[in-house]
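Residue numbers (this note's numbering): 17 to 155.
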C-alpha cells in the first residue's frame with residue numbers, strides 16, 4: 017500500500033515495504049486518521065484488529081473484519097460473539113448479518129443462521145445473494 021499527497025507535492029511512500037506477503041483491503045477510519053489493511057501475516061494481527069475495532073467503535077467495518085479474522089483463526093465462538101455485539105450496534109449492516117448467517121450455518125446452528133438470513137433479506141429484499149442464502153437455509 018502506498019501513500020501520496022493528493023496534490024502531488026511529495027513522493028509516494030510505501031507503507032508496507034517490510035511485509036513480504038500480500039497487503040489488501042485498506043479501510044480508512046471515519047475521521048481519516050487511521051488506515052487499516054489486511055496483511056498476509058499472522059503475528060499480532062488479531063491484537064491489531066481488536067484494537068482497531070475498539071478504537072473505532074462507530075465503524076462496523078472494523079468489527080466485521082475482526083470477527084472474520086477470529087473465524088479464520090479457528091475461533092468461531094469468539095467470532096460470532098464479536099459479530100453479535102457489532103450487530104446490536106449496527107442493526108442495518110448487511111455484511112455483519114451475512115457473516116453471522118454463514119458462520120452459524122457452518123457451525124450447524126441452522127435456526128440462528130435462518131434468523132440472521134431473514135433479517136438480511138428484510139434489509140435487502142432485492143439482493144439475490146441474500147435471497148439465495150435464505151432459500152438454502154429453508155431447504
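In this text, a Cβ means the ideal position worked out from N, Cα and C, and glycines have one as well.
Opposing strand residues paired with residue 40 [DSSP bridges]: DSSP links residue 40 through a beta bridge to 54.
Exposure of residue 98, with buried meaning 16 or more beta-carbon neighbours within 10 Å: By the neighbour-count rule (16 or more Cβ atoms within 10 Å), residue 98 is buried.
Contacts around residue 135, its chain only, beta-carbon distance under 7 Å, and the 5 residues preceding and following it disregarded: Taken in chain order, the residues that qualify are 113.
Nearest residue (CA-CA) to residue 103, options 79, 31, 42: With distances taken between Cα atoms, residue 103 lies closest to 79.
As assigned by DSSP and simplified to three states, the class of residue 154: Reduced to three states, the DSSP call for residue 154 is helix.
Ordered list of alpha helix (DSSP H) runs contained in the region 108-132, each at least 4 residues: Fully enclosed alpha helix (DSSP H) runs of 4 or longer: 110-122.
Length of the line joining the Cα atoms of residue 18 and residue 126: Rounded to whole angstroms, residue 18 to residue 126 spans 43 Å at the Cα level.
Residue of 25, 147, 116, 26 minimising C-alpha distance to residue 93: Restricting attention to 25, 147, 116, 26, the CA atom closest to the CA of residue 93 is found in 116.
Distance, residue 90 Cα to residue 153 Cα: Whole-angstrom Cα-Cα distance: 23 Å.
Contact check, residue 108 vs residue 62, beta carbons under 8 Å: Their beta carbons are not under 8 Å apart, which means residue 108 does not touch residue 62 by this criterion.
First and last residue of the uninterrupted alpha helix (DSSP H) at residue 83: Where residue 83 is concerned, the enclosing alpha helix (DSSP H) starts and stops at 76-88.
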